[in-house]
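First to last, the protein sequences are chains A and B. Going by our numbering, the final residue of the first sequence carries number 226, and the count climbs one at a time with no gaps. Going by our numbering, the final residue of the second sequence carries number 452, and the count climbs one at a time with no gaps.
There are 2 protein chains.
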Amino acid sequence: MSAIRPEPRTRRRTASDGTGTARRAEILAIAAELFATRGFPQTTVRDIGDEAGILSGSLYHHFDSKEAMLAEILRDFMENLRARFAEVVAQDRPPRARLDELVRGSFATIHQQPHAVALYQKESGALAGVPEFRFVGQISLEIEKMWVGVIVAGQQVGDFRTGLDPELTYRFIRDAVWTSVQWYRPRGRLRHDVVADQYLLLLHSGLLADDAGSADAGSTSSANGR
Amino acid sequence: MSAIRPEPRTRRRTASDGTGTARRAEILAIAAELFATRGFPQTTVRDIGDEAGILSGSLYHHFDSKEAMLAEILRDFMENLRARFAEVVAQDRPPRARLDELVRGSFATIHQQPHAVALYQKESGALAGVPEFRFVGQISLEIEKMWVGVIVAGQQVGDFRTGLDPELTYRFIRDAVWTSVQWYRPRGRLRHDVVADQYLLLLHSGLLADDAGSADAGSTSSANGR
DNA sequence: TCTTCCTAACCTAGCGATTGCTTGGTAGCG
DNA sequence: CGCTACCAAGCAATCGCTAGGTTAGGAAGA
C-alpha cells in the first residue's frame with residue numbers, strides 16, 4: 001500500500017528532462033481538460049488513458065496517482081496566478097489602475113487557461129480539508145489579501161466609494177469575474193478584453209444611468225420602496 | 227395476478243399522504259445537503275442511508291433511483307424559483323425596482339435553501355445533456371429571459387445605463403449574486419439582506435467614489451460616507 | 001373486543017459493474 | 001545493454017441497485 005515512500009518523486013522528476021517532459025505535459029493537459037469538463041471524481045484514469053492513446057495503467061509510469069495529477073495541475077496554475085497578481089499590486093500606480101489591471105489579468109487568465117480555472121472552481125471546495133491540497137486554500141488567501149489591499153487603498157486615497165465592506169466588495173468582483181469561465185468561450189464572439197471592458201464599466205460606474213434626467217433619478221427615491 | 231405491476235408509481239405517490247410524506251421529505255432533505263456539500267457523484271446511497279438511519283437498500287422503497295432523488299430536489303427548487311421570479315417581473319413597478327426585487331429575492335432564496343442553490347450550481351453543468359434533466363436548462367433559460375427583459379426595459383425607460391450588453395449584464399449580476407452561496411452562511415455574521423444592500427449599492431452606483439474631485443461625476447451628491 | 005390481514009417501512013445478503021492501482025513483462029531507441 | 005515508455009492482466013474495494021424476508025401498526029370483519 002502506501003507504506004514507506006523512498007523519494008520516488010525525485011527520481012521521476014530528474015528523469016523527465018528529455019522527451020518525457022513533453023509527453024508528461026501532454027498527458028497533464030489532457031487530464032486538465034477532462035477534470036475541468038467532467039469533474040475530477042467523474043473522470044476515470046481509463047478516460048485519461050484513452051484520450052492519451054495509452055492504457056490506464058501506463059499513466060502510473062508518469063504519475064504517482066490520479067490525485068497527484070490534480071495536485072500538479074492546480075499547483076502550477078495557482079502559483080502562476082499568484083505571481084501574476086503580485087506583479088500587478090507591486091506597481092506604482094493608483095489603486096484604481098491596479099484594480100483594473102487585476103480584473104483584466106483575471107480575464108486574460110480565463111482566456112489562456114480556461115480548463116485550470118474551471119477545475120479550480122469545481123474542486124477547490126472539496127479539497128479544502130485535504131492535507132496535500134493545503135496550498136490551494138493558502139494561495140487563495142494570499143490572492144484575496146492582495147485584492148482587498150488594493151480595495152482598501154483605493155478607499156483611503158478616495159478612488160473608491162466608502163461605505164462598502166472591502167471583503168464583500170472583493171467577493172462581489174471575484175465571483176462576477178471568475179464565474180465567467182463557465183460561459184466564456186475562448187473562440188466565441190465575445191473577446192475576453194471586450195468582456196473585461198464591459199465588466200469594468202459596470203463595476204466602475206454601476207448600472208444606473210447617470211444622466212439623471214427623469215423623475216426618480218436620485219439615489220434616494222425608488223430603490224428601497226417596499 | 228402478480229406478474230404485471232399496475233402503476234406502482236401512482237400507488238406510491240398516493241400512498242405517501244400519511245407519515246410517508248414526512249419521512250420521504252426528510253430523506254430528501256438529507257440527500258440535498260449531502261449532494262450539495264460533497265457533490266452528487268461523490269455522495270453514495272450508503273452515505274444517505276447512514277445519515278437517515280437506514281440501510282442504503284431501504285432508500286429504494288421511497289425512490290426509484292439516486293438520480294431520481296436529485297431530479298426531485300432540483301425540480302422542486304427550480305419551479306419554485308421560477309414562480310417567485312415570475313411574480314416579481316409581473317409587478318407594475320419601474321424596471322429598477324423590479325431588478326432590485328429580483329436581487330433581493332435571490333439572496334432570500336440563498337438564505338432559505340442554500341443546499342438546493344449550491345446543488346444547482348454544482349451539477350447543472352454536468353446535467354446539461356441528460357434528457358431527464360432537460361427542465362433544468364429550460365427553466366434556467368426562462369429565468370434568464372425574465373432578468374434580461376427587466377434590464378432591457380430599464381434601459382429603454384432610462385433607468386439603466388445604455389452601452390451595456392443586456393446579456394452580459396445579466397451574467398455579471400447573476401454570477402456575483404448566486405455564487406455568494408459558496409461563502410454565505412445562514413447563521414453567520416452577515417445577514418442576507420445586508421449582503422443584498424451592499425451588492426445593490428455596488429451594482430447601482432459602482433465602485434468609484436462619486437464625489438470625484440477629478441473627472442466624471444455622475445449622480446449628485448454624497449450622503450453615504452461612513 | 002378480539003382476531004385477521006394488509007401494507008408501509010425497513011433489513012439481509014449479495015450481484016454485476018466499475019473504480020484506482022499493481023505486477024510483471026516487452027518493444028524500441030541510443 | 002540499459003532505460004524509457006508502454007502493454008497485458010487482474011486484484012481489492014466500492015459503486016448503484018435488487019430480491020426476498022421481517023416487523024409494527026392500523027383498518028376491517030366477526
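No residue lacks a Cβ here, since even glycine has one placed at the ideal position from N, Cα and C.
query: Among residues of its own chain, excluding the 5 on either side of D159(A), which ones have a beta-carbon nearer than 7 Å to its beta-carbon?
result: In the first sequence, counting from the first residue as 1, residue 159(A) sits at position 159. Excluding sequence neighbours, D159(A) sits near P94, P95 and R96.
query: Out of curiosity, what's the CA-to-CA distance linking G283(B) and V420(B)?
result: Reading the second sequence from its first residue, position 57 is the one you call residue 283(B). Reading the second sequence from its first residue, position 194 is the one you call residue 420(B). Cα to Cα, G283(B) sits roughly 44 Å from V420(B).
V421(B): contacting residues in chain A (beta-carbon distance under 8 Å): Within the second sequence, the letter at position 195 stands for residue 421(B). Here the neighbours are L168.
query: Using DSSP with H/G/I as helix, E/B as strand and the rest coil, what is L208(A)?
result: In the first sequence, counting from the first residue as 1, residue 208(A) sits at position 208. L208(A): strand per DSSP, three-state reduction.
query: Hey, L34(A) and I54(A): beta-carbon distance below 8 Å or not?
result: Indexing the first sequence from 1 puts residue 34(A) at position 34. Indexing the first sequence from 1 puts residue 54(A) at position 54. Against a cut-off of 8 Å, the Cβ pair of I54(A) and L34(A) comes out as no contact.
query: Around the Cβ of L70(A), are there at least 16 other Cβ atoms within 10 angstroms (buried) or fewer (exposed)?
result: To locate residue 70(A), count along the first sequence from 1; it is residue 70. Buried, by the Cβ-count rule.
- prompt: Residues of chain A with CB under 9 Å from W373(B), in chain order?
  reply: Here residue 373(B) refers to the residue found at position 147 when the second sequence is read from its first residue. Near W373(B) there are no residues of chain A at all, since even the closest Cβ is about 12 Å away, more than 9 Å.
- request: May I ask which residues mark the beginning and end of the alpha helix (DSSP H) holding R397(B)?
  value: Numbered from its first residue, the second sequence carries residue 397(B) at position 171. Note, R397(B): alpha helix (DSSP H), P392 to W404.
- request: Could you list which residues in chain A have their beta carbon closer than 9 Å to that of A435(B), in chain order?
  value: Mapped onto the second sequence, residue 435(B) falls at position 209. Those within 9 Å of A435(B) in chain A are G154, Q155, G158, D159, F160, R161 and T162.
message: Does the distance between the C-beta of F63(A) and the nearest non-hydrogen atom of the ligand GTP fall short of 7 Å?
response: Although the ligand GTP was asked about, the structure shown includes no ligands whatsoever.
message: Here's a check: name, in chain order, each residue in its chain whose Cβ is nearer than 7 Å to the Cβ of E393(B), leaving out the five neighbours to either side.
response: For the purposes of this step, residue 393(B) is identified with residue 167 of the second sequence, where counting begins at 1. Around E393(B): V374.
field: Supposed contact pair V403(B) and S332(B) - C-beta distance, whole angstroms, cut 8 Å
entry: Position 106 of the second sequence holds residue 332(B). Position 177 of the second sequence holds residue 403(B). Their Cβ separation, rounded to whole angstroms, is 5 Å, which keeps S332(B) and V403(B) in contact under 8 Å.
Alpha helix (DSSP H) segment containing A334(B), residue limits: Here residue 334(B) is taken as the residue at index 108 of the second sequence, counted from 1. P321 to Q338 is the span of the alpha helix (DSSP H), which, as asked, contains A334(B).
field: F386(B) - DSSP class collapsed to helix/strand/coil
entry: Here residue 386(B) is taken as the residue at index 160 of the second sequence, counted from 1. Three-state result, F386(B): strand.
message: Taking 8 Å as the threshold (beta carbon to beta carbon), is Q364(B) in contact with chain A?
response: Residue numbering aside, residue 364(B) sits at position 138 when the second sequence is read from its first letter. Cβ-Cβ to chain A under 8 Å: no for Q364(B).
message: Can you pull out the residues from the segment 23-49 of chain A whose beta carbon lies closer than 9 Å to at least one beta carbon of chain B?
response: T37, R38, G39, P41 and Q42
- prompt: Where do the ends of the alpha helix (DSSP H) carrying T269(B) lie?
  reply: Within the second sequence, the letter at position 43 stands for residue 269(B). Note, T269(B): premise wrong, no alpha helix (DSSP H); not H, not E.
query: So, are the CB atoms of Y425(B) and H418(B) less than 8 Å apart?
result: The count along the second sequence starts at 1 and reaches residue 425(B) at position 199. The count along the second sequence starts at 1 and reaches residue 418(B) at position 192. Against a cut-off of 8 Å, the Cβ pair of H418(B) and Y425(B) comes out as no contact.
message: Let me make sure I understand the geometry here. Which of D401(B), P357(B) and A352(B) has the alpha-carbon closest to that of G265(B)?
response: Residue mapping note: residue 265(B) aligns to position 39 of the second sequence, counting from 1. Considering only alpha carbons, the answer is A352(B).
- prompt: Between I299(B) and A342(B), which are expected to be in contact by the criterion C-beta below 8 Å, what is the C-beta distance as a whole number of angstroms?
  reply: As a position in the second sequence, residue 299(B) is number 73, starting the count at 1. As a position in the second sequence, residue 342(B) is number 116, starting the count at 1. Correct: roughly 6 Å between the Cβ atoms.
message: Here's the rule: buried if 16 or more other CB atoms are within 10 angstroms of the residue's CB, otherwise exposed. What is V383(B)?
response: Here residue 383(B) refers to the residue found at position 157 when the second sequence is read from its first residue. Exposed: under 16 other Cβ atoms inside 10 Å.
query: Does the distance from the CB of V181(A) to the CB of Q91(A) come in under 8 Å?
result: What you label residue 181(A) is simply residue 181 of the first sequence in a count that begins at 1. What you label residue 91(A) is simply residue 91 of the first sequence in a count that begins at 1. Taking 8 Å as the Cβ cut-off, V181(A) and Q91(A) do not qualify as a contacting pair.
- request: Anything in chain A within Cβ reach of H341(B), meaning under 9 Å, just list it in chain order.
  value: Looking up residue 341(B) in the second sequence gives position 115. Near H341(B) there are no residues of chain A at all, since even the closest Cβ is about 14 Å away, more than 9 Å.
- prompt: How long is the line joining the alpha carbons of L428(B) and R187(A), rounded to whole angstroms?
  reply: Counted from its first residue, the second sequence places residue 428(B) at position 202. Counted from its first residue, the first sequence places residue 187(A) at position 187. So the two alpha carbons sit approximately 31 Å from each other.
- prompt: L467(B): buried (16+ other C-beta within 10 angstroms of its C-beta) or exposed?
  reply: Residue 467(B) cannot be examined here, being either before or after the span of chain B that is shown, 227 to 452.
query: Are D175(A) and D401(B) touching if we call contact CB-CB under 8 Å?
result: Your numbering for residue 175(A) matches position 175 in the first sequence. Your numbering for residue 401(B) matches position 175 in the second sequence. Contact flag set, yes.
- request: Output the boundary residues of the alpha helix (DSSP H) element that contains Y286(B).
  value: Locating residue 286(B) in the second sequence gives position 60, where the first residue counts as 1. Residues L285 to H288.
- prompt: Does the Cβ-Cβ distance between A209(A) and R387(B) come in under 8 Å?
  reply: By 1-based counting over the first sequence, the position of residue 209(A) is 209. By 1-based counting over the second sequence, the position of residue 387(B) is 161. Contact: yes.
task: From the DSSP output, in three-state form, read off L307(B) for me.
output: Start at 1 with the first residue of the second sequence, and residue 307(B) comes out as number 81. L307(B) falls in the helix class under three-state DSSP.
query: Do we get a CB-CB distance below 8 Å when we pair G129(A) with the residues of chain B?
result: By 1-based counting over the first sequence, the position of residue 129(A) is 129. Chain B, which has no Cβ nearer than 8 Å to the Cβ of G129(A), makes this no.
field: Per-residue burial, R324(B) [other beta carbons within 10 Å of its own, 16 or more giving buried]
entry: Within the second sequence, the letter at position 98 stands for residue 324(B). That one is buried.
Cβ-based neighbour list, P340(B), same chain, cut-off 8 Å, excluding 5 preceding and 5 following: Locating residue 340(B) in the second sequence gives position 114, where the first residue counts as 1. Only A262, V407, Y410 and P412 meet the Cβ criterion.
- request: Anything in chain B within Cβ reach of G206(A), meaning under 7 Å, just list it in chain order.
  value: By 1-based counting over the first sequence, the position of residue 206(A) is 206. Within chain B, the residues near G206(A) are L429, H430, S431 and G432.
query: So, does the CB of T179(A) fall closer than 8 Å to a CB anywhere in chain B?
result: As a first step, residue 179(A) is located in the first sequence; it is residue number 179 there, counting from the start. Yes, contact with chain B.
query: How many Å lie between M372(B) and F303(B) at the Cα?
result: Taking the second sequence and counting its residues from 1, the one referred to as residue 372(B) is at position 146. Taking the second sequence and counting its residues from 1, the one referred to as residue 303(B) is at position 77. Cα to Cα, the separation comes out at about 17 Å.
- prompt: Name the chain B residues that come within less than 7 Å of A97(A), Cβ to Cβ?
  reply: Walking along the first sequence from the start, residue 97(A) turns up at place 97. By Cβ distance, chain B contributes nothing, its closest Cβ being about 12 Å from A97(A), past 7 Å.
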